[in-house]
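Please read the structure below before turning to the comments.
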Amino acid sequence: MICNLNPLSFKDFGTVSPERTADTLLASLPKARELTLSGTQIPVYRAESEIWLQSRGGMVSLSVSADGVNFRHYYLDKLVCIKPGVFFCLSPFQQDSASVQLFADAPLCPTGEFRQTDNYHLPQNLWVNRLYTFFYHEKELGFVFPGEAHSVLELTYVDQGSLHSVADGTDLLLEQGDMVIYAPNQWHMQYADMDVAPRYVTISFDLGGGDLTALFGRKLHPSQSAISLLQGMLKEQERMDPYSADLILSQLTQLLLRLLRQSDDVPQKLKASNSLHAENEIIRKAQQYISTHIREKLSVPLVARMVDVSPSYMTALFHKHLQISPGEYIRRIKLQESKQMIRENSMNFTEISMALQYSTVHHFSRQFKDKFGITPSEYAKSVR
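Position one of the sequence shown corresponds to residue 0 (numbering that gives the first Met the number 0), numbered consecutively onward.
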């Protein structure tokens, strides 16, 4: 990035003459030499004594360095004096050629050639380049999402109520104002307690650059400024004029940057022990198996056998990490699947109960009402 040329910003490399005294100073300097600058060949010099420079024609970039490697760039619009020992080079800025007046007692000897690699602009470290989904969910009491994994990043923010986020076998209780970010291809599921009807936002997206690893696997507490950005995104989604998409992408980028800055200000979480990691992996595999085989006849012994542990050990792990038995977990996932099947309207209730391996349609209806407070028929009427 081009820096503003002033005495304070340039003090490590030399001095900047006040414009009101520049003409007087020029009269006392050695005879001027004029350099014609090209953007193709840019020699690097090392000042052996004081060297004075001023732009003579066109726009000139002055690049200076204490070590000859890391350069800082200035727009040369004032008379400057470069200190001995400082490396410098001159090039046209945004044009093919320019010229400079140089005042020095001795001729300059190049020490190398400057490799300009688009260093004049402010580098961008992280940005969002694609947003795939942006949903505001209002869920019923005891909502359960069976789980999924996908190649894109996903952010969940709880606006009202609370929501359990389960990923890699770890259950995080997200309360109002909390947020979580899932890594690409990380299997995750979400559910609410039986007396909670959560409202939350989910966003799936890709980065054009940057790394969010520091935010994965953590319950995040975004600052008010970050939450305001999310609220601004929701307003733009409702407005959706020709500028809204760009504003939403920009606001999401700012939100992620604020989360990263905030995470640098607090101690990082301790890494899980090997034993805890193994427990989380068992739960993750069990949840994935249940989710992908939900329309089959499932039992705790069967699932335990598929993840190579005993039923009692798997039950203990579910209670320890998810505060629910594996049998109850299976029941809740099946009932959540039944709601999706009812919405699809391709099967009657008897066919749904058979597809989900219930013993009878009456057993299915009874469990459905116990879980959701309404019968399957009443639910079907509400969504059709």
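All C-beta atoms, glycine included, are put in the ideal place defined by N, C-alpha and C.
Using a 10 angstroms sphere on the CB of T252, the tally of other CB atoms reaches 16 or more, which defines it as buried. For N128, the three-state secondary structure derived from DSSP is strand. Between L173 and A191, the CB-CB gap reaches or exceeds 7 Å.
Taking a cut-off of 8 Å for Cβ pairs, the region 252 to 261 and the region 224 to 237 touch, as three or more such pairs fall below it. Apart from the 5 residues on each side of it in sequence, L246 sits with its Cβ closer than 6 Å to the Cβ of E235 in its chain, given in chain order. By a beta-carbon distance limit of 8 Å, G13 contacts V85. Their separation comes to about 7 Å. Under the Cβ criterion (8 Å, minimum of three pairs), the region 61 to 68 counts as touching the region 80 to 95. Using a C-beta cut-off of 8 Å, the region 340 to 350 makes no contact with the region 192 to 208, since fewer than three inter-stretch Cβ pairs fall below that distance. By the neighbour-count criterion, in which a residue is buried when 16 or more other Cβ atoms sit within 10 angstroms of its Cβ, Y73 is buried. As DSSP reads the structure, S54 sits in a beta bridge with V99.
The residues A148, H149 and S150, in chain order, have a CB closer than 8 Å to that of N184 in the same chain once the five nearest residues on each side in sequence are set aside. Cβ contact annotation for Q339 (same chain, cutoff 8 Å, sequence separation greater than five): none.
Cβ contact annotation for E139 (same chain, cutoff 7 Å, sequence separation greater than five): A196 and F371, in chain order. Considering only A21, Q286 and T314, the residue with the shortest C-alpha distance to I332 is Q286. Per DSSP, Y156 is not a residue of any alpha helix (DSSP H); the beta strand (DSSP E) it occupies stretches across L152 to Q159.
Taking each of V360, Y357 and R330 in turn and checking the Cα distance to F142, the smallest one comes out for R330. About 7 Å separates the CB atoms of F367 and T374; that is less than 8 Å, so the two are in contact.
In the DSSP annotation of this structure, the continuous segment of the alpha helix (DSSP H) that includes H362 starts and ends at V360 to F371. Boundaries of the alpha helix (DSSP H) harbouring A285: N273 to T291, taken from the DSSP string.
Straight across, the Cα-Cα distance linking S222 with Y131 is about 25 Å.
In this chain, D263 is not harboured by any beta strand (DSSP E); it is covered by the alpha helix (DSSP H) spanning S243 to D263. Per DSSP, the beta bridge partners of S37 are S96. The beta strand (DSSP E) runs of length 3 or more contained entirely in the region 172 to 252 are, from start to end of the chain, 178 to 181, 187 to 190 and 198 to 208. P83 has no beta-bridge partner at all, per DSSP. Relative to the Cα of S324, the nearest Cα in the group A303, S8, I341 and D307 belongs to A303.
For H72, the three-state secondary structure derived from DSSP is strand. Of the residues F113, Q159 and S203, the one whose Cα lies closest to the Cα of N69 is F113. Annotation: G111 to G38 spans about 15 Å, alpha carbon to alpha carbon. The beta carbon of D95 sits closer than 8 Å to those of S37 and G38, all from its chain and outside the five residues before and after it, given in chain order.
By the criterion of a C-beta distance shorter than 8 Å, L152 is surrounded in its chain by I180, Y181, A182, P183, S203, F204, D205, L206 and L211, once the five residues flanking it on both sides are discounted. For L25, the closest alpha carbon among the candidates T291, I50 and S352 is that of I50.
According to the DSSP secondary-structure assignment, L162 is paired through a beta bridge with L173. Residue pairing for P122: DSSP places it in no beta bridge. Taking C-beta separations shorter than 6 Å and ignoring five residues to either side along the sequence, the partners of Y135 in its chain run V200, following chain order.
Across the structure, E295 and S164 are spaced so that their CA atoms are roughly 25 Å apart.
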